[in-house]
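Working notes, beginning with the structure itself.
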Amino acid sequence: MVSIKTALATLAAVIGANAAAGSLQQVTGSFGANPNNVGFYYYKPAKVAAKPALIVAIHYCTGSAQAYFSGTQYATLADTYGYIVIYPDSPRSGKCFDVNTSATLSHNGGGDSQGIASMVTYAISTWGVDSSRVYVTGTSSGAMMTNVMAGSYPNLFQAASAYSGVPFACFAGSSDWNSACANGQVSKTGQQWGDLVRAAYPGYSGSRPRMMLWHGTADTTLYYANLQQEILEWTNVLGVSSTATTTTQNDPQSSYTHTSYGCVVQAYSAAGVGHTVPVHESIDLQWFGITPGGPSCVGGTTGTTTTTTTNGVTTTKPITTTTTTKAGTTTTTSTGTAAHY
Numbered sequence: 002m003v004s005i006k007t008a009l010a011t012l013a014a015v016i017g018a019n020a021a022a023g024s025l026q027q028v029t030g031s032f033g034a035n036p037n038n039v040g041f042y043y044y045k046p047a048k049v050a051a052k053p054a055l056i057v058a059i060h061y062c063t064g065s066a067q068a069y070f071s072g073t074q075y076a077t078l079a080d081t082y083g084y085i086v087i088y089p090d091s092p093r094s095g096k097c098f099d100v101n102t103s104a105t106l107s108h109n110g111g112g113d114s115q116g117i118a119s120m121v122t123y124a125i126s127t128w129g130v131d132s133s134r135v136y137v138t139g140t141s142s143g144a145m146m147t148n149v150m151a152g153s154y155p156n157l158f159q160a161a162s163a164y165s166g167v168p169f170a171c172f173a174g175s176s177d178w179n180s181a182c183a184n185g186q187v188s189k190t191g192q193q194w195g196d197l198v199r200a201a202y203p204g205y206s207g208s209r210p211r212m213m214l215w216h217g218t219a220d221t222t223l224y225y226a227n228l229q230q231e232i233l234e235w236t237n238v239l240g241v242s243s244t245a246t247t248t249t250q251n252d253p254q255s256s257y258t259h260t261s262y263g264c265v266v267q268a269y270s271a272a273g274v275g276h277t278v279p280v281h282e283s284i285d286l287q288w289f290g291i292t293p294g295g296p297s298c299v300g301g302t303t304g305t306t307t308t309t310t311t312n313g314v315t316t317t318k319p320i321t322t323t324t325t326t327k328a329g330t331t332t333t334t335s336t337g338t339a340a341h342y
């Protein structure tokens with residue numbers, strides 16, 4: 002097995018460079034409960050949209066808020082679309098997030114998750130963020146934390162995108178590293194996984210974030226078997242079948258297989274890709290509904306739209322210009338961004 006330090010040290014080379022117009026900023030004063038002193042960094046573009054969306058983008062072990070800001074395109078795209086990005090910064094020497102303690106795995110129980118949740122509520126109350134347009138994403142430890150935030154604070158997020166992570170509560174225990182989970186040896190039924198998520202916020206009956214999952218088949222840090230466990234978990238939580246409703250090869254690129262589960266759970270399996278799957282920011286923005294082109298369950302698009310089915314995959318796009326049918330496949334030319342769902 003490749004050590005996590007060796008694997009994650011290469012992430013900066015895998016994730017593309019950021020060319021945002023502005024710089025990363027930090028909130029240093031009080032912003033709410035933050036028992037572990039998670040760092041609060043953010044990016045606000047020069048022109049913020051009215052009632053802007055918010056993306057919480059969480060870094061990997063050995064990384065930092067600055068590294069994830071510089072190494073992804075979320076801030077660059079914020080300059081175009083006017084949303085705000087929060088980059089939590091792990092307070093630990095190894096820069097991993099707390100994804101294992103009972104505190105972080107429970108609503109308002111403490112841990113890193115409560116600190117990040119406080120950042121979200123601060124952004125809503127202080128910056129006028131639209132509370133119905135809050136999203137979370139992350140890579141590796143950040144993907145694990147994405148699962149944690151979706152489970153412990155479902156009331157705050159509308160959608161999530163996790164790159165090479167593990168299911169909510171898979172790392173649960175006294176140690177911050179769980180070899181059995183990392184090696185893909187923890188296997189539960191969807192009901193068992195779902196019960197762990199529901200136990201994080203007892204009595205909660207509101208909506209839960211739809212989930213997008215990415216994993217490489219050659220991952221030897223957080224093994225590929227974790228993807229199926231995540232699918233079992235979130236399909237159960239969101240009440241859809243764990244049998245894929247659509248499967249699309251070479252989507253969004255060669256050697257990737259895209260499966261969907263009742264629209265609200267999407268998974269990308271990247272053949273031959275190790276740790277981690279590169280961030281696909283443009284697809285995330287469609288999944289979040291910040292840009293048009295997402296699936297029917299996303300919404301968030303404006304203007305005239307059209308629904309198109311291609312090889313069994315339904316997409317919603319803005320203002321179409323021409324439609325051509327060839328060999329049983331409907332292809333729609335649109336003025337908007339192409340969908341990958």
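Following this note's numbering, the numbering of the sequence shown begins with 2 at its first residue and continues without gaps.
Where is the CB? At the ideal position from N, CA and C, for every residue including glycine.
Among residues of its own chain, excluding the 5 on either side of residue i, which ones have a beta-carbon nearer than 6 Å to its beta-carbon?
| i | result |
| --- | --- |
| P36 | G111 |
| G152 | F169, V198, A201 |
| G275 | G217, A219, D220 |
| C171 | C182, V187 |
| M212 | A161, W235, V266 |
| A124 | L55, V130 |
| S261 | T246, T247, Q267 |
| F343 | Residue 343 is absent from the model: the chain starts at 2 and stops at 342. |
| Y269 | W215, Y257, H259 |
| Y224 | N184, G185 |
| R134 | A54 |
| N1 | Summary: the structure shown does not reach residue 1, with the chain confined to residues 2 through 342, and so no result is reported for it. |
| V278 | Y164, S165, W215, G217, A271 |
| G139 | I59, M146, T147 |
| S71 | N19 |
Where does residue i sit, in a helix, a strand or coil, going by DSSP?
| i | result |
| --- | --- |
| S188 | coil |
| I56 | strand |
| Q74 | coil |
| Y164 | strand |
| Y225 | coil |
| S65 | coil |
| V15 | For V15, the predicted structure reports a pLDDT of 44, less than 50, and the residue's modelled location is therefore unreliable. A value from the coordinates is still provided. Correct three-state label for V15: helix. |
| N312 | Here N312 scores only 33 on pLDDT, less than 50, and its place in the model is too uncertain to base an answer on. |
| K318 | Its pLDDT being 35, under 50, K318 is placed unreliably by the model, and the measurement read from it follows with that caveat. In this structure, K318 counts as strand in the three-state DSSP scheme. |
| S261 | strand |
| Q230 | helix |
| G304 | Residue placement at G304 is flagged as unreliable, the pLDDT there being 32, under the threshold of 50; the coordinate-derived value follows with that caveat. G304 falls in the coil class under three-state DSSP. |
| G33 | coil |
| G217 | strand |
| T147 | helix |
| A21 | coil |
| Q254 | coil |
| C171 | coil |
| C182 | helix |
| D177 | coil |
| T105 | coil |
| S243 | coil |
| A79 | helix |
| G152 | helix |
How far does the beta strand (DSSP E) with residue i in it reach, from first residue to last?
| i | result |
| --- | --- |
| T139 | In the sequence as displayed, the identity of residue 139 is Gly instead of Thr. Run containing G139: 135-140, per the beta strand (DSSP E) assignment. |
| D90 | 85-90 |
| V266 | 266-271 |
| W288 | Element bounds for W288: not the beta strand (DSSP E) but the alpha helix (DSSP H), 282-289. |
| S94 | Run containing S94: none; DSSP gives neither H nor E here. |
For residue i, count neighbouring C-beta atoms within 10 Å of its own C-beta (all shown protein chains included) and say buried if the count is 16 or more, exposed if not.
| i | result |
| --- | --- |
| S24 | exposed |
| N109 | exposed |
| Q27 | exposed |
| A288 | The residue you asked about is not Ala; residue 288 is Trp in the sequence shown. Buried, since its Cβ has 16 or more Cβ neighbours within 10 Å. |
| A20 | exposed |
| G207 | exposed |
| A58 | buried |
| P293 | buried |
| N237 | buried |
| N251 | exposed |
| T29 | exposed |
| P203 | exposed |
| L233 | buried |
| W178 | exposed |
| T190 | exposed |
| A76 | buried |
| G273 | exposed |
Using DSSP bridges, identify the partner residues of residue i.
| i | result |
| --- | --- |
| R211 | A160 |
| Y44 | V86 |
| Q26 | Y43 |
Can you tell me where the alpha helix (DSSP H) holding residue i begins and where it ends?
| i | result |
| --- | --- |
| Q250 | Run containing Q250: none in the alpha helix (DSSP H); it sits in the beta strand (DSSP E), 247-250. |
| V121 | 112-128 |
| S206 | First-last for S206: undefined, no H or E at that position. |
Only counting the same chain, and skipping five residues up and downstream in sequence, which positions put a Cβ closer than 7 Å to that of residue i?
| i | result |
| --- | --- |
| W128 | I85 |
| Q159 | S133, R134, V135, Y136, P210 |
| Y154 | H108, S114, A118 |
| T102 | G112 |
Compare the C-beta of residue i against all C-beta atoms of chain D and say whether one is closer than 7 Å.
| i | result |
| --- | --- |
| K52 | In the displayed structure, chain D is absent; only one protein chain is listed. |
Verify the contact flag: residue i, CB atom, against every heavy atom of the ligand ZN, threshold strictly below 6 Å.
| i | result |
| --- | --- |
| P92 | With respect to the ligand ZN, the structure offers nothing, as it holds no ligand at all. |
Counting only the same chain and skipping the five closest in sequence on each side, list residues whose C-beta sits under 8 Å from that of residue i.
| i | result |
| --- | --- |
| T244 | Y262 |
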